[in-house]
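Everything in the sequence shown is counted per the numbering used here, starting at 1 for the first residue and increasing by one. I have placed the structure first, in the form of structure tokens, so that the comments after it can refer back to it.
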Amino acid sequence: MTHDLVALAIPLLWLFPLLAAFVVQFLIREPTRQRDVAIGVAWVVFFVALGVFLLNGWDSHFDRDDLESGLFMSLRFHMAVDGLNALLLPMTAAIALASLLSTPRSDLRGNTAARILAVEGTLLGCFLALDAATLALFWIGSMLPLWQDTRRSKSRPLHLVMTLAIAGTTLALVTALAIMAQSGAAGSASPFDLHALAQASTSLPPVVGWLFLFAALLRMGVFPVHLWLTAAGWRAPGYSAMPALFTSLGSFALARVVMPLFPQLCEQVSTPLVILGAVTALYGAVLAVGQYDLRRVISYFWVSQMGLVLTGLATLNAPGVSGGLLQSMSSVVEVCGLMLIALEVEARAGTTDMRLLGGLVRRAPRLTTGFLLLSASAVGFPGTISFVAEDLAIQGLLYEHQLAAALMLVVTAINGVALFKAFKQTFLGPGSQHAKDLRSFADLRGWEYRASVALMATLLIGGLMPQPLLAVRAGVVDALRKLEPANAVAHAAPPHDDDDD
């Protein structure tokens, strides 16, 4: 019975938002109906995703529920729910729903609502896909709504860097698929089947792993391929751009594709990736401190967090990888919550330039409290998900990368300074003498307030009761299994010589 329900829910999760995006964009003209339909669909998708998570994680086993059918040629509709994606489904649906609920009525027209739904559907398709071609198709599709936003913006440099980011991702993924199809490691019937490839005795060419690795790092916004993300986080239309920018798709691709299929490559680049992650984390944290715009602070903070995620994943041991995946999930909730507050400030004050703000606590105590609590959670305050994630990541780093573990603590402190500085300049002290008249500045109300409370409650509940979240370990066991023999050989004692007896 459970399998039948999940099999029914899998296509509903990604297809329903995409169909609704088409309807809202082209078939409905009245703004109020567009908003109602978009929010109604988002609610349905959220409850379906939450139900799938509960059905799979009730016993914390996350048994895989598959739905597979042939489409055409070598492309197969192969999707599944397992320990690696079960939690990402309701989390992604919740972020899309919060974006729709928080967008001002005057801004939530057909274009904005349709792009949010399209991003939601393509991201859910990415997380569900167990076919490399299907994954790549949804992956590229998840970036197209953001590209459309930047094309309509007045910033040509932003549109250029976004175009380069999509072009780089498309080129890497299409080239990887072409090489996979040519090699046919899993057999001619399913050359893109990730599960079959992981079980196959023959391995794919390493260049495929490098291409997927590059695409994943680009999606995460890791230094030095981060400029598109920070630029879009600052200049792109916020409510529709946020779900596309701040997602765990990059780290998910590392755990779904690179680690299971290319264990030797992971071993080779483990230490360089730890170093790259540490550099990215420090780079993002330092630059976040020096920003004057609230949206730029949050964007560079995301870059720093993705550096910490990469550092944990690159350890290739269970605590580090589990911590990295948890950190990725918690960062999505925290950064999206902070960005929503920044966008709500922008909608009321007309700017996120902190030099033109200040003193908002007197007019918006709920907004101020929300930013403070989300900031505390983002830097690993005890009792939150980030605290558990950072503890696991540090445990993983202490095996072989003690210096990186120490740097991780330093980066967390710098991130705390950056967020507290932004909090102080935006919400505390006297208002800027250069600011517009903010006497009409309104506090969080209605669904804005409920969405912020829900995000904060998620972080607290997950930190106080982390056992269901720690079940993501079940999703990385298979990915690490192929690495264990190599590690065992590398660390084995020299063979015993019988002649010495």
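Beta carbons: idealized from backbone N, C-alpha and C, even for Gly. Since the structure is predicted, the reported quantities are computational estimates derived from the model, not experimental observations.
Alpha-carbon to alpha-carbon, residue j and residue i
i    : j    : result
S452 : A200 : 46 Å
I116 : S99  : 8 Å
T311 : L218 : 15 Å
A165 : W228 : 7 Å
V286 : T352 : 20 Å
M242 : G233 : 7 Å
K424 : V361 : 10 Å
M259 : A114 : 34 Å
I39  : S183 : 45 Å
G517 : R296 : The structure shown does not extend to residue 517, since the chain spans only 1 to 501, so no value can be given for it.
S386 : R29  : 43 Å
R355 : L343 : 16 Å
W210 : L276 : 15 Å
A278 : F26  : 46 Å
P430 : R363 : 12 Å
K154 : P104 : 21 Å
T122 : A93  : 11 Å
V274 : D391 : 17 Å
L502 : V257 : Nothing in the structure corresponds to residue 502, since the chain is present only between 1 and 501.
Q268 : G83  : 26 Å
D329 : S270 : What sits at residue 329 in the sequence shown is Met, not Asp. About 22 Å.
I414 : F427 : 20 Å
T112 : M162 : 18 Å
L15  : Q395 : 40 Å
L372 : M456 : 11 Å
G125 : L397 : 32 Å
A231 : L158 : 6 Å
V52  : G359 : 44 Å
S322 : S248 : 14 Å
R151 : A454 : 33 Å
G290 : Y300 : 10 Å
F420 : L367 : 15 Å
M261 : A244 : In the sequence under discussion, the amino acid at residue 261 is Leu, which differs from the Met named in the question. If you take the alpha carbons of L261 and A244, they lie about 26 Å apart.
S106 : D149 : 17 Å
R156 : M143 : 17 Å
Close-in-space but distant-in-sequence residues of the same chain around residue i (CB under 6 Å, 5 per side omitted)
i    : result
S331 : Q305
A118 : A21, P145
E334 : L374, S377, A378
Y283 : F223
L530 : The question about residue 530 has no answer here: the residues shown for the chain are numbered 1 through 501.
T170 : I140
G370 : I341, S452
L8   : none
L101 : W447, A451
M220 : G250, M306
A281 : S304, G307, L308, V411
Y292 : M354, R355
A288 : V297, Y300, F301, A418
L97  : A42, F46
I95  : P243, C336
Integer-rounded CB distance, given that residue j should sit under 8 Å from residue i
i    : j    : result
M180 : L160 : Actually they are not in contact, since the Cβ atoms of M180 and L160 sit about 30 Å apart, beyond 8 Å.
A389 : G320 : A389 to G320, Cβ: 11 Å. No contact.
S251 : L197 : Going by Cβ atoms, the distance from S251 to L197 rounds to 20 Å, so no, they are not a contact pair.
E120 : P11  : About 15 Å separates the two Cβ atoms, so there is no contact after all.
Y449 : N317 : Between N317 and Y449 the Cβ distance is about 41 Å, and since that is not below 8 Å, they are no contact.
A253 : A216 : 4 Å
V24  : Q34  : 5 Å
M381 : W302 : With the sequence shown as reference, residue 381 is identified as Phe, and Met is not the correct amino acid for it. Contact flag wrong, Cβ pair sits at about 18 Å.
A418 : L294 : Not a contact, Cβ separation roughly 11 Å.
Near the ligand NAD: residue i beta-carbon under 7 Å from a heavy atom
i  : result
L5 : Because no ligand of any kind appears in the structure shown, any question about the ligand NAD cannot be addressed here.
Cβ-based neighbour list, residue i, same chain, cut-off 7 Å, excluding 5 preceding and 5 following
i    : result
P365 : D443
T458 : V333
M79  : I10, L67, L128, A129, L130
A49  : L13, L89, P90, A93
V225 : L217, L218
H195 : L130
V208 : A176, I179, M180
Chain-order list of residues whose beta-carbon lies under 8 Å from that of residue i (same chain, five-residue window excluded)
i    : result
L173 : A136, W139, I140, L211, F212, A215
P494 : At P494 the pLDDT is 46, less than 50, meaning the model places this residue with poor confidence; the figure from the coordinates comes in the next sentence. Counting only Cβ-Cβ distances below 8 Å, and skipping sequence neighbours, we find nothing.
Q327 : Q305, L308, V309, G312, S386, A389, E390, A393
contact_flag[the stretch 225–239, the stretch 333–348] where n(CB pairs < 8 Å) is 3 or more: yes
contact_flag[the stretch 443–462, the stretch 400–410] where n(CB pairs < 8 Å) is 3 or more: no
Quick check on the DSSP output: what are the complete alpha helix (DSSP H) runs of length 4 or more inside the stretch 317–391, in order along the chain? 318–349, 365–378
Do the stretch 129–138 and the stretch 35–53 touch if we need at least three Cβ pairs shorter than 8 Å? no
Whole beta strand (DSSP E) runs in the stretch 123–197 with 3 or more residues, listed along the chain? none
Start-end ranges of the beta strand (DSSP E) lying completely within the stretch 195–261, minimum 3 residues: none
If we require 4 or more residues per run, which alpha helix (DSSP H) segments fall completely within the stretch 19–52? none
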